[in-house]
Amino acid sequence: NQTKFKQRGDVHRLNLLRQRMHLMIKNLQFYLHVDVINTLTKDLIEKISCAPNYENVVMAHEEFLEKLITKSCLHNKVVKNSLNTVLRRCHRFCGLINRLTSQSDPKTAKADLTELEKAFNRDANFLKYIAPNLI
914 NQTKFKQRGD
924 VHRLNLLRQR
934 MHLMIKNLQF
944 YLHVDVINTL
954 TKDLIEKISC
964 APNYENVVMA
974 HEEFLEKLIT
984 KSCLHNKVVK
994 NSLNTVLRRC
1004 HRFCGLINRL
1014 TSQSDPKTAK
1024 ADLTELEKAF
1034 NRDANFLKYI
1044 APNLI
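Quick note: the numbering used here has the sequence shown finishing at residue 1048, numbered continuously throughout.
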């Protein structure tokens, strides 16, 4: 007699994990949009409007791109790899949901959820530790 995955505790765990993932992505998106892109774009527009010639516009744009990469932490391989790992965990969560809706084995789904929770929490905490401004 298999235990159904749809027990209240399992659904609650699934929803908590989804909410943690959603919050992390939302915070990342907000940081990148508001703190990085909007701020840097405003600075770029000001520099371009005051630029006396084309070379100054090009230099302002190059500076914009360098700051964008730096503030996005794309220059840091550890942060970049950690972020990719967290995003892959979110993608794996979507796969788990798809399997659950296609009537997969509840025991396997529970084990996958447990492993995914542990892995996501570990990776998200590491990312918060190495790049606290990012998320």
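C-beta atoms are modelled at their ideal positions from N, C-alpha and C, and glycine is treated no differently.
For residue j and residue i, the rounded distance between their alpha carbons
{"i": "C963", "j": "H925", "result": "55 Å"}
{"i": "N994", "j": "Y1042", "result": "14 Å"}
{"i": "L1009", "j": "I982", "result": "33 Å"}
{"i": "M972", "j": "T954", "result": "14 Å"}
{"i": "N940", "j": "N969", "result": "34 Å"}
C-beta contact flag for residue i and residue j at 9 Å
{"i": "A1032", "j": "R1002", "result": "yes"}
{"i": "A957", "j": "S985", "result": "Correcting the residue type first, residue 957 is Leu in the shown sequence and not Ala. No, these two residues do not count as a Cβ contact at 9 Å."}
{"i": "D923", "j": "N1046", "result": "no"}
Near the ligand NAP: residue i beta-carbon under 8 Å from a heavy atom
{"i": "E968", "result": "Annotation note on the ligand NAP: not contained in the displayed structure, which lists no ligands."}
Reduced DSSP category for residue i - H, G, I as helix; E, B as strand; rest coil
{"i": "S995", "result": "helix"}
{"i": "A1037", "result": "helix"}
{"i": "L929", "result": "helix"}
{"i": "L987", "result": "coil"}
{"i": "P1019", "result": "helix"}
{"i": "A964", "result": "coil"}
Start-to-end residues for the alpha helix (DSSP H) that takes in residue i
{"i": "E1046", "result": "The sequence given here places Asn at residue 1046; Glu does not occur at that position. It is not in any alpha helix (DSSP H) - N1046 carries neither H nor E in the DSSP assignment."}
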